[in-house]
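Colleague: Be aware that the sequence shown starts at 14, since it is given in the numbering used here, and climbs by one per residue.
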Amino acid sequence: MATEFDNSLHWGLFLTGTTLTSETGKYVRVSELVLSALRAAGVFSNMVDGIVAPATDKLWLDKNVDPAVLKEWDATGASWVPMSYGRLFGRAAVDKLTVTGGTGNAVVVSQPVGFQANRLYLMTPTQNNSAAATITVAGVGSYGVKYGNGADIGATEFSAGRQAVLFFTGVRFEVVFPLSGLSSAVLAAQASADAAAASASSSSTSASNAATSATNAANSATASANSATAAANAVAALPYNFSTTTTDADPGAGIFRLNNVAPGSATAAYIDNVDADGVSATGVLDNWDDSTSTVRGVLTIRSKANATIRHTYNVTGSVVDGTGYRKLTLAYIGGSGALTNGAGHWLIFNRTGDNASGDVTGPGSSTNNGFARFNGTTGKVIKDSAAVIAIADGGTGQGTAANAFNALKQAASDTATGVVELATGPEVATGTDAARVPSVLTMGSHQGVAKAWINFNGDGTVAIRDSYNVTSITDNGTGDYTLNFTIALANANYAVVGCGRDDAGAGSYNVVCITSITQLTTSCQIRTRAVNNTAIDSDTVGLAIFGD
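1. Quickly, what does DSSP pair A557 with across the bridge? List them, please.
2. Output needed for N497: all residues of its chain with C-beta closer than 8 Å, excluding positions within five of it in sequence on either side, in chain order.
3. Specify the secondary structure class of V332 as computed by DSSP and reduced to three states.
4. Alpha carbon to alpha carbon, how far is V61 from E568? Give it in angstroms, no decimals.
5. Between G473, I314, G347, I467, which has its C-alpha nearest T499's C-alpha?
6. From Y7 to G348, what distance separates their C-alpha atoms?
7. So the candidates are A543, D561, F469; which of them puts its Cα closest to the Cα of A505?
8. So for E170, helix, strand or coil by DSSP?
9. Relative to the C-alpha of A151, which residue among N141, V184, T89, L133 is closest?
10. Using CA atoms only, rank isn't needed, just tell me which of G513, G267, A543, I558 is closest to V462.
11. Can you name the start and end residues of the beta strand (DSSP E) that T495 belongs to?
12. Buried or exposed: I527, going by 16 or more other Cβ atoms within 10 Å of its Cβ?
13. Going by beta-carbon coordinates alone, are Y253 and H358 separated by less than 7 Å?
14. Examine the Cβ distances between the segment 329 to 347 and the segment 154 to 174 and report whether three or more of them are shorter than 8 Å.
15. Assign S304 to one of three DSSP states: helix, strand, or coil.
16. If we count the other Cβ atoms within 10 Å of its Cβ and call it buried at 16 or more, is G473 buried or exposed?
17. Are the segment 171 to 190 and the segment 139 to 149 touching, with three or more C-beta to C-beta distances below 8 Å?
18. Shorter than 7 Å from the beta carbon of T89 to some beta carbon of chain D?
19. DSSP three-state call for L533: helix, strand or coil?
20. Are the CB atoms of N286 and G337 nearer to each other than 7 Å?
21. Based on the DSSP secondary-structure assignment, which residues constitute the bridge partners of N3?
22. Roughly how many angstroms lie between the CA atoms of A289 and L312, to the nearest whole one?
23. With a threshold of 6 Å on Cβ separation, who are the neighbours of G371 within its own chain once the five nearest residues in sequence on each side are excluded?
24. Rounded to whole angstroms, what is the Cα-Cα separation between V525 and T491?
25. Taking just the CA atoms, how far does R175 sit from T139?
26. Do you know how far the Cα of V510 is from the Cα of L556?
27. Using the Cβ count rule (16 or more neighbours within 10 Å means buried), how would you classify T409?
28. Looking at the structure shown, is V274 part of a helix, part of a strand, or coil, going by DSSP?
29. Taking only three categories from DSSP, how would you classify L51?
30. Please state the DSSP three-state secondary structure of L352.
31. Going by the beta-carbon positions, is the gap between T111 and V121 smaller than 7 Å?
32. Is the number of C-beta pairs between the segment 351 to 366 and the segment 158 to 177 that are closer than 8 Å three or more?
33. If we ignore side chains and look at the alpha-carbon of each, how far apart do E85 and L135 end up?
34. What three-state label does DSSP hand N232 in the structure shown?
35. Helix or strand or just coil, what does DSSP make of L593?
36. With H, G and I counted as helix, E and B as strand and the rest as coil, what does DSSP make of A209?
Shown next, in the form of C-alpha cells:
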C-alpha cells in the first residue's frame with residue numbers, strides 16, 4: 014500500500030477555463046494547489062509563482078522544478094533557498110547573537126544559523142557603549158544600531174551584562190526596547206531593588222547584623238522618601254525630547270531646542286507648549302518668570318538616560334509667547350556631556366525669591382566716630398557703604414568699619430531700654446569684614462552656632478574639602494578618623510552631627526552612618542559604617558560640632 018506522502022497519489026485536477034477540455038484541464042501537485050490557496054486566502058500575500066524570480070522581498074513558488082518549490086531570498090548567502098519549517102516559523106522566534114569581541118561602540122558577533130532580515134535577535138553586550146554603535150556579523154557585514162526613528166542610540170544603551178532585543182531590517186539593527194524610553198521611576202525602582210537585595214544578602218550573615226541593617230535601612234528609606242517628596246515639591250520637572258535645530262520657531266510637540274548646538278554657548282531656549290507626555294505645560298512655563306529678581310530662576314537640563322549629562326542656566330527676563338511655544342533667555346552656569354538629538358531629557362526649574370533687599374540706607378552722625386550712640390529712644394539700623402551694620406540716630410556723614418565698631422562698643426556701655434550683645438576686641442580686626450566674625454574663644458554663649466565643622470574625602474588619601482576650626486584629620490584605618498581642632502573647645506560634652514555617602518558605582522550610593530568614638534576638647538574620633546555595620550571608607554563625609 015502506498016504511504017500518505019507518496020507524491021504519485023497527490024495530484025489534483027485544475028481547471029483554467031469555463032469548459033473542461035484537454036487544454037483547460039491541468040493536473041497539478043496538491044502541494045502547489047495548497048500554496049496557491051494559501052496565497053488566495055492572504056496567508057502568503059507576498060508570494061509570486063512562476064519561472065522568473067521576483068523581487069528579493071517576496072516569496073517565490075519556483076516552477077522551474079516539478080513539483081514547484083516555495084523559496085525565500087537568503088541575504089546572507091545571496092541565493093534563493095527552499096522555505097523550510099524552521100525558516101517559515103522561525104520568523105516568530107528570537108535568535109541569539111553571541112558577542113565574540115570588539116568594543117562597546119563596535120560590537121563583533123558570530124553569524125547565527127539562518128541569519129536573515131525581518132527577524133528579532135537577542136544580544137548580551139560585554140562592554141558599555143559611549144556613543145553611536147555598530148554590530149559586525151562575522152562573514153556578513155557591519156550594520157549600524159539605531160532607534161526606530163533612525164537616530165543613533167545613546168550612551169550606555171549597550172550595558173555590559175544587560176540583554177538587548179534588536180530587530181534586523183536587512184540594513185541596520187533597531188533597538189526594540191530603548192533605555193531612553195524607560196521612565197525614571199522604573200530606573201529608580203530597579204536601583205532600589207538591587208540595593209535591597211544586596212542589603213538582604215549581607216544581613217543574612219549574622220542575626221545581629223541583620224537587625225542593625227534592618228533598622229538602618231528603615232531609617233534610610235524614610236529619609237529617602239522624605240527627600241524625594243521634598244525634591245518633588247521643590248522643583249518643576251518637565252519631560253521633553255531634545256532637538257539639535259537652533260532656529261527660533263515652534264520645535265513641535267514634546268520637543269525643546271537651544272539657539273546654539275554647544276550648550277555652553279546657548280543664550281535662549283525654545284520649548285513647545287506640550288511636553289513629551291502629551292500634557293500641556295503652558296501654565297508651568299509661564300510661571301517661570303514670576304520672580305521679581307533679575308535672575309528669575311535656575312533651569313537644569315538633565316538626560317533621562319545618563320544623569321551625568323546635564324547643563325544649568327540662569328533664566329533672566331520674561332517668558333515670551335512664541336505662539337505654540339515659549340522662549341526663555343538664558344545665561345550659562347555650567348554642566349557636562351553632549352545633548353543627543355531625539356533623546357529624552359528633564360527640564361528642572363528652581364524659582365528664585367522676589368527682590369526684597371531690605372537694605373536701609375541712612376545718614377551717619379559726624380560725631381562718635383561716624384555713628385551716633387544708641388540712646389534707647391531714637392536709634393535705628395542703617396547700613397553704610399562699607400557693609401557695616403551700625404546704630405545711629407540721624408545726622409550727616411558716614412564712618413569707616415573701625416569707627417562703627419568703636420561706636421557700637423561705646424553704645425553698649427550706655428544705659429538704654431534695649432540690650433545689645435557685642436563682640437569683644439579679639440573678635441574684630443579693625444577695618445576688615447572677615448575679621449568681624451566671632452572666634453571660637455569668645456563664642457561660648459552662642460549655643461546655636463557650630464564650634465567646628467568639616468567636609469572631607471575619607472576614601473584613599475584623606476583630604477579636607479572645606480572646614481572651620483579643624484586643623485587636620487588623621488586616618489586611623491578603614492572608616493576610622495580623628496578630627497584635630499584648631500582651638501580647643503571648653504569641654505568634651507559636645508554633640509557630633511553628621512552624615513556621609515559612598516559612591517557604589519553606576520550612579521548609586523551607599524548610605525554611611527557616622528559614630529562618635531572618643532571626644533576630647535582638642536580632637537574627636539569618628540567611625541563610618543555601611544548599613545550592614547561594616548567599616549567603609551566614605552568618599553563624602555560631613556559633620557558639625559555643637560557645644561561650649
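Glycine included, each C-beta is placed from N, C-alpha and C at the ideal position.
Modeller: In terms of the structure at hand:
1. W466, V510
2. V483, T484, S485, I486, T487, T535, S536
3. In the three-state scheme derived from DSSP, where H, G and I count as helix and E and B as strand, V332 is classed as strand.
4. This structure gives no information on residue 568, because the portion of the chain shown stretches from 14 to 561.
5. I467
6. Residue 7 is absent from the model: the chain starts at 14 and stops at 561.
7. D561
8. coil
9. Taking each of N141, V184, T89, L133 in turn and checking the Cα distance to A151, the smallest one comes out for T89.
10. I558
11. 493 to 498
12. buried
13. yes
14. no
15. coil
16. Result: exposed.
17. yes
18. The chain inventory of the structure shown lacks chain D, comprising one protein chain alone.
19. coil
20. yes
21. Residue 3 lies beyond the range of the chain shown here (14 to 561); nothing can be said about it.
22. 18 Å
23. Caution applies to G371, whose pLDDT of 44 falls short of 50 and renders its modelled position unreliable; the model cannot decide the point.
24. 13 Å
25. 8 Å
26. 5 Å
27. With a pLDDT of only 38 at T409, under 50, the local geometry of the prediction cannot be trusted, and no value is derived from it.
28. coil
29. helix
30. coil
31. no
32. yes
33. Computed Cα separation, rounded: 23 Å.
34. helix
35. With the chain running from 14 to 561 in the structure shown, residue 593 is simply not present.
36. helix
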